[in-house]
Amino acid sequence: MRTQVGIIGAGPAGLMLARLLHLQGISSIIVENRSRDYIENRIRAGLIEDWAADLLIDVGVGERMKAEGMLHWGINIGINGELHRIDFKKLVDKRVTIFGQQEVVKDLVARRLADGGPLLFEVDGVSVHDMTSQRPKIRFTHEGRAQEIDCDFIAGCDGFHGICRPSFPDGVLNVFERDYPFGWLGILTESPPPDHELIYSYTDRGFALYTMRSPSISRLYLQCDHDEDIENWSDARIWDELHKRLGGARKLQEGKMLQKGITPMRSFVVEPMQHGRLYLAGDSAHIVPPTGAKGMNLAFADVLVLSRALDAFYKSKRNDGLENYSASCLRRVWYAQRFSWWMTQILHRFPHETAFDRRRQLSDLGYITSSPAASTMLAEQYVGLPVI
Ligand code: RFL
Ligand code: PHB
């Protein structure tokens, strides 16, 4: 097989890149190791930044998001049961959209198939070769047959556990990382929202987040131990803890649990995000703790930068965008890293925290919920900095 851009991974990064390239008349082939059904039902992110919602609309996959997504012009911060609203409309005149990542993935997959572009599911044994040559290659097995794609460029959009980042030669990558001593236990439940906006709740029992997927489906998260076993959390125990951490502010209605799982919390960045003609985008290059809701949005930002660089290469024979890809992305990545780390460290309980640390968190929370300058700083980053 032959294509201009070989894309590994059909998550938000790979699928959006394929769509952007299609609009620019650049050919691509996507290879994905999971099934279509699996990627369309994997429950993950739910919050789309202001510019990213515009991007989905601009590239022609925003119809369902516009019809079914929920526009939020603010969030609530709960401080030991007392709610404080951060008013995005007033502070920065921007909104965020609540719409499940798997719904975005469904719409991008449908668009890709309608575009007629190759999207191969359930491939095995993917590997990348000759990345520093003019003709890098992707090898894999599909439906029992060994295949090779001859590419001009390869986009590594294969997430945190993919093969692209580990394919970089030794010594090229610098790794920056931080593990947090807790995780998030997340549930999806058939219960109506207790509030029309999100609640980030700081309590003495630990952090909790109330978010949603629709007017009848809630998504709730609880801070838990990093090595917690989900088997230790019966439905009754989860509800009890949620009532304690969120119920002071709003009455939670219990409902049928549709899904539950534990997510570890990690900050991770590799630099550079490129080597030869292999470019990493999205979670393959960086991970943020979900407290700032930045992961999927960063994935979109990376591929927007990459698509512009590839467009300049093919249309104007310019290399500068490609050469600067990593540096352009990393500026934004580090803003999002800092914001996600900061949100995480002011809202959670830490195992070895001191009374001083708790007072400092309360002071941070008091400041961002009372000073217009501080709440604008939060709002501006939460709704998403524009991609320049
Ligand atoms: P993905 O989505 O992991 O997609 C990578 C794809 O590559 C495939 N793959 C391979 N394909 C071929 N060969 C291989 N060897 C392969 N190895 C892997 C995988 O099957 C997959 O289909 O990465 P991408 O595209 O970079 O997208 C990143 C986002 O998925 C991620 O950042 C977000 O989900 C993070 N996140 C959130 N982001 C937000 O912007 N807003 C949020 O509100 C938000 N909330 C969250 C989150 C992530 C969470 N979890 C579960 C980690 C909440 C949670 C709980
Ligand atoms: C979600 O809706 O799943 C969500 C929203 C905001 C976050 C994290 C997750 O900070």
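Sequential numbering of the sequence shown, starting at 61, is according to this note's numbering. For each residue, glycine too, the CB sits at the ideal point set by N, CA and C. All of these numbers come straight from a predicted model, not from anything done at the bench.
Query                                                                                                        : Result
Contact test: TRP244 Cβ vs the ligand RFL heavy atom, cutoff 7 Å                                             : yes
Validate contact between the stretch 367–383 and the stretch 300–312 using beta carbons, cut 8 Å, 3 pairs    : no
Cutoff 8 Å; reference ARG96; Cβ partners in own chain excluding five residues on either side                 : VAL169, PHE181
Coil, strand or helix - PHE200 by DSSP                                                                       : strand
Continuous alpha helix (DSSP H) stretch holding PRO432: start and end                                        : 432–442
Burial state of LYS149 (16 or more Cβ within 10 Å)                                                           : exposed
Cβ separation of TYR270 and THR404, assumed to be a contact under 8 Å, to the nearest whole Å                : Actually they are not in contact, since the Cβ atoms of TYR270 and THR404 sit about 17 Å apart, beyond 8 Å.
Nearest-angstrom beta carbon gap, VAL365 and MET76 [assumed within contact, 8 Å]                             : Not confirmed; about 12 Å, so no contact.
Collapsed DSSP secondary structure at ARG102 in the structure displayed                                      : coil
Stretch pair the stretch 398–418 + the stretch 262–277: three plus CB contacts closer than 8 Å               : yes
Beta-carbon gap between HIS189 and ILE158 smaller than 8 Å                                                   : no
Best match in ARG310, ALA112, GLU314, ALA309 for proximity to TRP299 [C-alpha to C-alpha]                    : GLU314
8 Å Cβ cutoff met for GLY342 and GLY122                                                                      : no
Beta bridge counterpart(s) of GLU163 as assigned by DSSP                                                     : For GLU163, which the question treats as bridged, DSSP gives no partner whatsoever.
Beta-carbon proximity list for LEU280, same chain, < 6 Å, skipping 5 on both sides                           : ILE247, TYR270, LEU302
Given ARG297 as reference, the closest of HIS286, LYS320, PRO275 once Cα atoms are compared                  : LYS320
Endpoints, the beta strand (DSSP E) within which ASN234 is located                                           : 234–250
ILE158 Cβ short of 7 Å to the ligand PHB heavy atom set                                                      : yes
Host alpha helix (DSSP H) of GLY185 (start-end)                                                              : Where GLY185 is concerned, there is no enclosing alpha helix (DSSP H), although the beta strand (DSSP E) it sits in stretches over 184–189.
Distance, PRO275 Cα to HIS256 Cα                                                                             : 8 Å
Inter-stretch contact (C-beta, 8 Å, three-pair minimum) for the stretch 375–392 and the stretch 420–430      : no
Where THR63 falls, given that 16 or more other Cβ within 10 Å makes a residue buried                         : buried
ALA206 to ILE198 span [Cα, whole Å]                                                                          : 11 Å
ARG172, buried or exposed, once every other Cβ within 10 Å from all chains shown has been counted against 16 : buried
Beta-carbon spacing of GLY185, SER344 below 8 Å                                                              : no
Any non-hydrogen atom of the ligand PHB within 7 Å of GLY129 CB                                              : no
Three-pair Cβ contact test at 8 Å for the stretch 134–153 versus the stretch 434–441                         : yes
ARG279 Cβ short of 7 Å to the ligand PHB heavy atom set                                                      : yes
ASN357: CB within 7 Å of a non-hydrogen atom of the ligand RFL                                               : yes
First and last residue of the uninterrupted alpha helix (DSSP H) at ALA372                                   : 355–376
DSSP three-state assignment for ARG265, whether helix, strand or coil                                        : coil
Residue range of the unbroken beta strand (DSSP E) whose run includes THR157                                 : 156–158
Within 8 Å, strictly: CB atoms of VAL183 and GLU92                                                           : yes
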